[in-house]
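Participant:
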Amino acid sequence: MTSDPERTPHDPEPPLPDAGPLPFLPYYEDPSPGRGTLPPRAWYADSSAPRMDLCGVWRFRLAPTAEAHDPEAGFARRGFDTSGWDLLPVPAHWVLEGHGTPTYTNTRYPFPVEPPHVPTENPTGDYRLVFDLPSDWPSGGETVLRFDGVESCARVWLNGRELGVFKGSRLPHEFAVGAVLRPRGNVLAVRVHQWSSGSYLEDQDMWWLPGIFREVTLLHRPAGPAADFFAHASYDHRDGTGTLRVESEPPGRVRVPTLGLDLPTGRAATVPVEPWSAESPTLYEAELVLPGERIPLRIGFRTVAVEDGVLKVNGRRVLLRGVNRHEFDPDRGRVMRAATMRHDLVLMKRHNINAVRTSHYPPHPRFLSLCDELGMWVVDECDLETHGFVHPANPGNPVDDERWTPALLDRAERMVERDKNHPSVIMWSLGNECGTGRGLRAMASWIRERDPDRPLHYEGDPICAYTDVYSRMYADHAEVERIGRREEEPLPDAGADARRRAMPFVLCEYAHAMGNGPGGLAEYQRLFETYERCQGGFVWEWIDHGLRLGGDPGERRFGYGGDFGEELHDGNFVCDGLLFPDRTPSPGLVEYKKVIEPVRVEAPSATSGVPLGTLRVTNRYDTVNSRHLCFRWVYEVEGRAIGSGELAVPVLDPGESADVPLPDPPHDAPSGEAWWTVRAVLGTATAWAPAGHEVAWAQFPADDGRAAPGSGPGSAVAGRATLGQGVTGRVTRGRPRTPRRAEGGVVVLGPGTFDAASGELRYLGGFEVSGPRLDVWRAPTDNDAGFGAPPADRLEPRWRELGLHRMRHRTVRVSVGGDALTVITRVAPAAASLGLRTVRTWTARDDRLRLDVDVTPEGDWRVPLPRLGVRMGTCGTLEHAEWFGGGPGEAYPDSRAASRIGRYAMPVDALQTPYVRPQENGARADVRWLRLGRPDGSGLLVEGDPVFWFTVRRWTSEALDAATHTGDLVPDKERLWVTLDHAQHGLGSASCGPGVLPRHRLLARPAHFAFTFRSLN
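Quick note: the sequence shown uses this note's numbering, first residue 4, plus one each step.
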């Protein structure tokens, strides 16, 4: 998955010399793809021919080596006693069923790199199933035994006869078994090796999970069945016609009743049709009628082409709002249920995602059928990655060794033949992160000859010799802009450079969604929308691969690399998705939905050019008009809805805009901060969402001047992370109070009681508090750690080296004078001369206590601050939070598009975001006031001047920093820790990609901010 930061971007690797023939090898080390299997063919969900599901409970035993048990395979014979074996479900991974343990590595092979050899310690599972055929199973014809997925090498016997051997874990393999099949007492035996030569081709940044993990099926093949078929269904956008031609062996007929078609296979017919697209997935029910079999088909008419340097579908440029999707379930690994696959796609559609890259292997075939049905652009990727030869560099990369070329071609053929009839598949991908070599060139040639109607993708070919699109991983914003202008760094070869510069550009991986993040999504999207060549990309990735710890299905504690005793692992780098492992959407997914929404609503402003009193609505769909949407408005004052209604927006074609008048504000609206919110929602239900589902929204202050200037989502002031942001004004309501010294070494000022020596607040009204003190530390995020990033973007080690996690507070002076208590402190790390001089000025009017904070950096600060604000402890019974500001979820400076101004309320515990590895989380942005309360209504009120960020937790930032799993965080029922931030450093995506953009960095500069506190009785 990860891009190699050491790789020279434009120099392909030199070809390796052939090592000559290999000596005799056991079958699991032989680099060939296997033996005995039938040629690959198209997959289809159903037909008139009988089939028998062999999934269920099988007998199973595990051996520590390939030959430890029964090297002569006596277990495959009838009558072999398996009564002492264990029971294991099929499909399943045996390491998730109590037999051994899972292993996670990102790029490194978990065994010595000496291809094609694998360790002697090679866990090997023997499977055995005894079954009878149904009583109505036909006696004539042939029968095929199909395996849809086995990791990593399988040897198969039926009734004591060996059928063959196969590799290619995420690919189908079939055997002809009619000659050995019996009506009763059939013995199916399978030996599965965890490691094989095939493992060298499957280094795909995921758990190594051996076993039979997809379905096993018997398929009857009557006389004259479908050996294979290829449905070609193109669309001509110029005249609205589709052309259908189905190649079939043997020949037959194709019937499409709704189109009035009944034609022989091999013959083309052209008729008016509705095209298929990800936005309007029109499928025509059809049937392939052969002499011995009838197969239901779903035909989608569409044409994919690269024209004038642009990727087009049905004649229109498409913008890929995509995700990379590994197959993963926290309990079952890569065992995918149909309901889970549909759930994933429904979530994607509801979050405006329109494209999937099947990283880094073909998915379960039913997933692609669901993509056809629900609408999703798919880049179908071959089951191939040899990353451990590229980074770290190791000799003998199979993709440039001709002895491995048959295995590479076998994988390409099995992918293409299986998936060729899916309209959702718009590109083939050769694989991932393999470097370059002759084997890849052979794969590309075969695919082009077999299917010339789909473009070819592969990111690892820097000169794009094999491909039709220019693809990169984790290019930063500046590089993407240069590529968009076709001004990227030239290749040494002028011809190759001109060819690549004429190609469309796709980020096959970007915005690494590890932990809290990714930041910078909105800036990427602006580039995709600005430059025609930049056609979007695929966020890495869809889901965290955290394995559930403990047996309770409701447990939300998940494991990652190293949690299972692995000697070599890559930690929580496997948890980098937009979904948590239990498929709960993360804040990153909510942000992504907002950033990629297919409708834009612009408010009146001089910048946008939209006239006062109007909105500009733009349809940013690729292929459909806006007829399916309704537009609704809400007018709110201080977070309370005062009026609402429908907005009359004309039907807009793709790319079209219209200026729409806003209604007048409600005449009885009270005074206060007022906001318009406009929402685009589904007018009618779809297959993936009900009517009323929100597709897009926009929010802007009312034009009567009552909204706080510069405080809205995405505004220049609210979004700025530097420290010069000034205070907008002082609270002047009420009678000023004078501080006085009292017994017990305290100073009393209005509702506050302070320690006279340190100047720290001890009581506010009836509430015990500690602090507030200046705070600059946050529990580093995965992006702060900057795995693989340039040193400048690896902020966590720089912060720790400086000592920002162990800041010391020295009280310089506490003075009482006039109507103020002034506390001067210097906050600095040990062993460093730099620091932050802080002046805290306390004043009071009636029952309100105000804190003004002035911060002046001292010394040479060469590193951004994690945050800047104050932290205080307070009573743990203040368990309910209510606020007016950004929400409802967390937001950070470069990940705040989804934060909308409103009035929100939730329990304090619900403010936390349960990242698999605990880290900074839960900040709410643009907050005007925060109320922490008890059930009886008592509590604390905090108002900001200017707007602020807050977090509230039952543990300190230090405890959050020390935790490695969510279960390490022990809530303190007696205490809450409240952080009120003037500013936060952005998130970026330096866990694998660029760091924080300059405008979102929190530089150490003078700052002035204030908070007003009040106790509520």
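By construction, the Cβ of each residue, glycine as well, lies at the ideal position given by its N, Cα and C atoms.
Once you ignore the five residues that flank Asp-585 on each side, which residues in its own chain have a CB closer than 7 angstroms to its CB?
Facilitator: Numbered from 1 along the sequence shown, position 582 holds the residue referred to as residue 585. If we look at Asp-585 and ignore the five residues flanking it on each side, its Cβ neighbours are Pro-333 and Arg-559.
Participant: How would you write the range of the alpha helix (DSSP H) that Leu-805 sits in, first residue to last?
Facilitator: Here residue 805 refers to the residue found at position 802 when the sequence shown is read from its first residue. Start and end: 798-805.
Participant: Can you grab the Cα-Cα spacing for the pair Met-379 / Asp-206, in whole Å?
Facilitator: Here residue 379 refers to the residue found at position 376 of the sequence shown. Here residue 206 refers to the residue found at position 203 of the sequence shown. Straight-line Cα distance between these residues: approximately 27 angstroms.
Participant: Is there contact between the stretch 406-425 and the stretch 436-447, where contact requires at least three CB pairs shorter than 8 angstroms?
Facilitator: Yes, since at least three Cβ pairs between the stretch 406-425 and the stretch 436-447 fall closer than 8 angstroms, the two stretches touch.
Participant: Using the beta-carbon count (16 or more within 10 Å), is Phe-27 buried or exposed?
Facilitator: In the sequence shown, residue 27 corresponds to position 24, counting from 1. So Phe-27 ends up on the exposed side.
Participant: Please report how far the alpha carbon of His-1011 lies from the alpha carbon of Val-779, in whole angstroms.
Facilitator: By 1-based counting over the sequence shown, the position of residue 1011 is 1008. By 1-based counting over the sequence shown, the position of residue 779 is 776. Distance between the alpha carbons of His-1011 and Val-779 is about 15 angstroms.
Participant: Ignoring anything shorter than 3 residues, give me the beta strand (DSSP E) runs that lie fully in the stretch 255-336, in order along the chain.
Facilitator: Here the runs fully enclosed are 256-259, 264-267, 272-275, 287-292, 297-302, 307-310, 313-316 and 323-327.
Participant: Use the C-beta contact count for Lys-597: other C-beta atoms within 10 angstroms, 16 or more gives buried, fewer gives exposed.
Facilitator: Translated into positions along the sequence shown, residue 597 becomes position 594. Buried.
Participant: Would you list the residues sitting across from Val-955 in a DSSP beta bridge?
Facilitator: Translated into positions along the sequence shown, residue 955 becomes position 952. DSSP, once it has assigned bridges, lists Val-981 as partnering Val-955.
Participant: So is Ala-719 buried or exposed if we call it buried at 16+ other beta carbons inside 10 Å?
Facilitator: As a first step, residue 719 is located in the sequence shown; it is residue number 716 there, counting from the start. Because the pLDDT of Ala-719 is 28, which lies under 50, any placement of that residue in the model is unreliable, and the question is left without a value.
Participant: Once DSSP output is grouped into helix, strand and coil, what is the label at Arg-488?
Facilitator: As a first step, residue 488 must be located in the sequence shown, where it is residue number 485. Arg-488 falls in the coil class under three-state DSSP.
Participant: Report the rounded CA-to-CA distance for Leu-914 versus His-223, giving the unit in angstroms.
Facilitator: Locating residue 914 in the sequence shown gives position 911, where the first residue counts as 1. Locating residue 223 in the sequence shown gives position 220, where the first residue counts as 1. Answer to the nearest angstrom: the Cα atoms are 56 angstroms apart.
Participant: What would DSSP say about Val-734, mapped onto helix, strand or coil?
Facilitator: Along the sequence shown, one-based indexing puts residue 734 at 731. Any reading at Val-734 must be qualified, since the residue scores a pLDDT of 47, below 50, and its modelled position is unreliable; the value itself is stated next. Coil, per DSSP.
Participant: Exposed or buried, which one is Pro-693 when buried takes at least 16 other CB atoms within 10 Å?
Facilitator: In the sequence shown, the residue the question calls residue 693 occupies position 690. Result: exposed.
Participant: May I ask you to report which of helix, strand or coil DSSP gives Pro-67?
Facilitator: Residue numbering aside, residue 67 sits at position 64 when the sequence shown is read from its first letter. Strand.
Participant: Using 8 angstroms as the threshold, is the C-beta distance between Val-999 and Met-875 below it?
Facilitator: The residue given as residue 999 occupies position 996 in the sequence shown. The residue given as residue 875 occupies position 872 in the sequence shown. Going by C-beta atoms, Val-999 is not nearer than 8 angstroms to Met-875.
Participant: Can the beta-carbon of Val-841 be found closer than 8 angstroms to that of Leu-777?
Facilitator: On the sequence shown, position 838 is the one that residue 841 refers to. On the sequence shown, position 774 is the one that residue 777 refers to. Here the sequence assigns Thr to residue 841, which means Val is not the residue at that position. Yes, they are a contact pair.
Participant: If I follow the unbroken alpha helix (DSSP H) through Pro-368, where does it start and stop?
Facilitator: Position 365 of the sequence shown, counted from the first residue, corresponds to residue 368. Unbroken alpha helix (DSSP H) run through Pro-368: 368-377.
Participant: Please state whether DSSP places Ser-992 in a helix, a strand or coil.
Facilitator: As a first step, residue 992 must be located in the sequence shown, where it is residue number 989. In the structure shown, Ser-992 sits in coil (DSSP, three-state: anything other than H, G, I, E or B).
Participant: Does DSSP put Asn-397 in a helix, in a strand, or in coil?
Facilitator: Indexing the sequence shown from 1 puts residue 397 at position 394. It is coil, neither helix nor strand.
Participant: Use the C-beta contact count for Asn-1020: other C-beta atoms within 10 angstroms, 16 or more gives buried, fewer gives exposed.
Facilitator: If you number the sequence shown from 1, residue 1020 lands on position 1017. Burial call: exposed.
Participant: Taking a contact to mean a Cβ-Cβ separation below 8 angstroms, would you say Gly-879 touches Leu-979 in this structure?
Facilitator: For the purposes of this step, residue 879 is identified with residue 876 of the sequence shown, where counting begins at 1. For the purposes of this step, residue 979 is identified with residue 976 of the sequence shown, where counting begins at 1. Cβ atoms of Gly-879 and Leu-979: closer than 8 angstroms.
Participant: Counting C-beta neighbours from all protein chains within 10 Å, is the total for Leu-433 16 or more, i.e. buried, or is it exposed?
Facilitator: Counted from its first residue, the sequence shown places residue 433 at position 430. With 16 or more other Cβ atoms within 10 Å, it is buried.
Participant: Distance, Cα to Cα, Val-602 vs Arg-803?
Facilitator: Position 599 of the sequence shown, counted from the first residue, corresponds to residue 602. Position 800 of the sequence shown, counted from the first residue, corresponds to residue 803. Approximately 43 angstroms, taken between the alpha carbons.
Participant: For the alpha helix (DSSP H) that contains Trp-449, what are its first and last residues?
Facilitator: Residue numbering aside, residue 449 sits at position 446 when the sequence shown is read from its first letter. Here the alpha helix (DSSP H) through Trp-449 covers 441-453.
Participant: Since I believe Ile-429 is in contact with Val-381 (beta carbons under 8 angstroms), could you give me their beta-carbon distance rounded to a whole number of angstroms?
Facilitator: The count along the sequence shown starts at 1 and reaches residue 381 at position 378. The count along the sequence shown starts at 1 and reaches residue 429 at position 426. Right, their Cβ atoms sit about 7 angstroms apart.
Participant: Alpha carbon to alpha carbon, how far is Asp-785 from Ala-66?
Facilitator: For this step, residue 785 is matched to residue 782 along the sequence shown. For this step, residue 66 is matched to residue 63 along the sequence shown. Taking the straight line from one Cα to the other gives about 38 angstroms.
Participant: Can you find the residues in the same chain that come closer than 6 angstroms, C-beta to C-beta, to Leu-161, ignoring five residues on each side of it along the sequence?
Facilitator: For the purposes of this step, residue 161 is taken as residue 158 along the sequence shown, with counting starting at 1. Excluding residues within five positions, the ones whose Cβ falls inside 6 angstroms are Val-180, Val-183 and Leu-191.
Participant: According to the neighbour-count rule (16 or more other Cβ atoms, all chains shown, within 10 Å of its Cβ), is Gly-695 buried or exposed?
Facilitator: In the sequence shown, residue 695 corresponds to position 692, counting from 1. With fewer than 16 Cβ atoms within 10 Å of its Cβ, Gly-695 is classed as exposed.
Participant: On a CA-only basis, which of Val-313, Arg-369 and Val-321 is nearest Val-338? Give me that one, please.
Facilitator: On the sequence shown, residue 338 is found 335 positions in, with the first residue counted as 1. The shortest Cα separation from Val-338 among Val-313, Arg-369 and Val-321 belongs to Arg-369.
Participant: Only counting the same chain, and skipping five residues up and downstream in sequence, which positions put a Cβ closer than 6 angstroms to that of Ala-782?
Facilitator: Taking the sequence shown and counting its residues from 1, the one referred to as residue 782 is at position 779. Excluding positions up to five away in sequence, the list reads Gln-922, Glu-923, Ser-960, Leu-963 and Asp-964.
Participant: Contact check, His-196 vs Ala-396 under 8 angstroms by CB: the rounded distance?
Facilitator: Counting from 1 along the sequence shown, the entry for residue 196 is found at position 193. Counting from 1 along the sequence shown, the entry for residue 396 is found at position 393. Contact doesn't hold; Cβ gap of about 27 angstroms is too wide.
Participant: In terms of alpha-carbon separation, which member of His-235, Gly-905 and Arg-504 lies closest to Ala-701?
Facilitator: Position 698 of the sequence shown holds residue 701. Checking every option, the nearest Cα to that of Ala-701 belongs to Gly-905.
Participant: Tell me the DSSP bridge mates of Ser-773?
Facilitator: Reading the sequence shown from its first residue, position 770 is the one you call residue 773. BP columns for Ser-773 point to Gly-876.
Participant: Within 10 angstroms of its Cβ, does Leu-1005 collect 16 or more other Cβ (buried), or is it exposed?
Facilitator: As a first step, residue 1005 is located in the sequence shown; it is residue number 1002 there, counting from the start. Classification for Leu-1005: buried.
Participant: Are three or more beta carbon pairs between the stretch 212-230 and the stretch 262-279 nearer than 8 angstroms?
Facilitator: Counting Cβ pairs under 8 angstroms, fewer than three are found: no touch.
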